[in-house]
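Below: the structure, in structure tokens.
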Amino acid sequence: MIELTDVTKSYNPTVKAVDDLTLTVRGGEIFGFLGPNGAGKTTTIKMMTGIAKPDKGTIRINGRDIASSPLEAKKQFGYVPDSPDLFLRLKGLEYLNFMADMYDVPKETRKERIDGLARRFDMSGALSDPIQSYSHGMRQKIVIMGVLIHDPHVWILDEPLTGLDPKSSYTLKEMMREHADAGKTVFFSTHVLEVAEKLCDRVAIINKGVVLFCGTFKEMQERFQSDMSLEKLFLELTDDE
40 MIELTDVTKS
50 YNPTVKAVDD
60 LTLTVRGGEI
70 FGFLGPNGAG
80 KTTTIKMMTG
90 IAKPDKGTIR
100 INGRDIASSP
110 LEAKKQFGYV
120 PDSPDLFLRL
130 KGLEYLNFMA
140 DMYDVPKETR
150 KERIDGLARR
160 FDMSGALSDP
170 IQSYSHGMRQ
180 KIVIMGVLIH
190 DPHVWILDEP
200 LTGLDPKSSY
210 TLKEMMREHA
220 DAGKTVFFST
230 HVLEVAEKLC
240 DRVAIINKGV
250 VLFCGTFKEM
260 QERFQSDMSL
270 EKLFLELTDD
280 E
């Protein structure tokens, strides 16, 4: 579970990047976080992961406060950033073992998980190569694998499908569904609204730091008394603002 209560963040005296945000993401659901560029999505995610500090408010990951208990909170989640260009001089397997060391994953467990993830993402033949030799999509896959190596309860994914080939994209969506169906939490931001419409149990739409809607797609259609797609409803909602 992810709980944000009265969270606010400003980068200058006149504009709030996130304005008094309260949001609960439950276990057992895939939660989509949607908004135009500059809406406050990445700032929110950075505060959730402890990269940025809110001006006020509290953030809890599985009951652990990210401000007062950062290490315990960070053990609860895996975070895929919006750029996969990390640790480029390491080989794929070196990176995965580094991530496993970070989270104290036993050697027997990590080998099984690395082998399983490599098979699912078609990366078995590339793990001995340096990450800087990978394509953008392969870098995205190795970052996702590193994030999942400690089997975190909460997944926080910032545009995770960017650069993935269709098969890998399908695999990740399948894994997200499996994770949520096991009673765990998936929080992800995306600009691909068709994916959000099909995949998410609930969505939140944020614009100018304020959540304009939070709920199921059906609830959004009922609110607007419309059978329009999520994409059209999103455009109508954000244009009105």
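Quick note, this note's numbering runs 39 ahead of the 1-based positions in the sequence shown. Don't be surprised by glycine CBs; every beta carbon is placed ideally from N, CA and C.
Check                                                                                                                                                                          : Outcome
Is the number of C-beta pairs between the stretch 164-173 and the stretch 203-221 that are closer than 8 Å three or more?                                                      : no
Report the rounded CA-to-CA distance for K85 versus R158, giving the unit in angstroms.                                                                                        : 30 Å
Confirm, please, whether the CB-CB distance from G79 to A112 is below 7 Å.                                                                                                     : no
Tell me, to the nearest whole angstrom, how far the beta carbon of H189 is from that of Y118; I am working on the premise that it is less than 8 Å.                            : With a Cβ gap of about 12 Å, H189 and Y118 do not count as contacting.
Label S265 either buried or exposed according to how many other C-beta atoms from any shown protein chain fall within 10 Å of its C-beta, with 16 as the threshold for buried. : exposed
So what's T148 in DSSP terms, helix, strand or just coil?                                                                                                                      : helix
Under a Cβ-count criterion, where at least 16 other Cβ atoms within 10 Å of its own Cβ denotes burial, should Y209 be classed as buried or exposed?                            : exposed
Contact between the stretch 178-196 and the stretch 126-146 is defined here as three or more beta-carbon pairs at a separation below 8 Å; is this criterion met?               : yes
Among M40, P123, T44, M87, whose alpha-carbon lies nearest the alpha-carbon of T201?                                                                                           : P123
Ends of the alpha helix (DSSP H) at T83?                                                                                                                                       : 80-87
Helix, strand or coil, according to DSSP, for E68 in the structure here?                                                                                                       : strand
Over what stretch of residues does the beta strand (DSSP E) that includes E42 continue unbroken?                                                                               : 41-49
Between V182, S163, R241, P109, which has its C-alpha nearest L196's C-alpha?                                                                                                  : V182
Is the beta carbon of F252 less than 7 Å from the beta carbon of I244?                                                                                                         : yes
Report buried or exposed for T82, applying the criterion of at least 16 other Cβ atoms within 10 angstroms of its Cβ.                                                          : buried
Let me confirm a value: R149 is counted as buried when at least 16 other C-beta atoms fall within 10 Å, else exposed. Which label applies?                                     : buried
State yes or no: is the C-beta of V46 within less than 7 Å of the C-beta of G96?                                                                                               : yes
Please classify T229: is it buried, with 16 or more other beta-carbons within 10 angstroms of its beta-carbon, or exposed?                                                     : buried
Measuring CB to CB, does L156 end up less than 7 Å from M138?                                                                                                                  : no
List the endpoints of the continuous alpha helix (DSSP H) containing Y134.                                                                                                     : 131-141
Using a Cβ-Cβ cutoff of less than 8 Å, which residues in the same chain neighbour K223 once the five nearest sequence positions on both sides are dropped?                     : G66, G67, H192, V193, W194
Kindly indicate the opening and closing residues of the alpha helix (DSSP H) around G185.                                                                                      : 175-187
According to DSSP, simplified to helix, strand and coil, what is I153?                                                                                                         : helix
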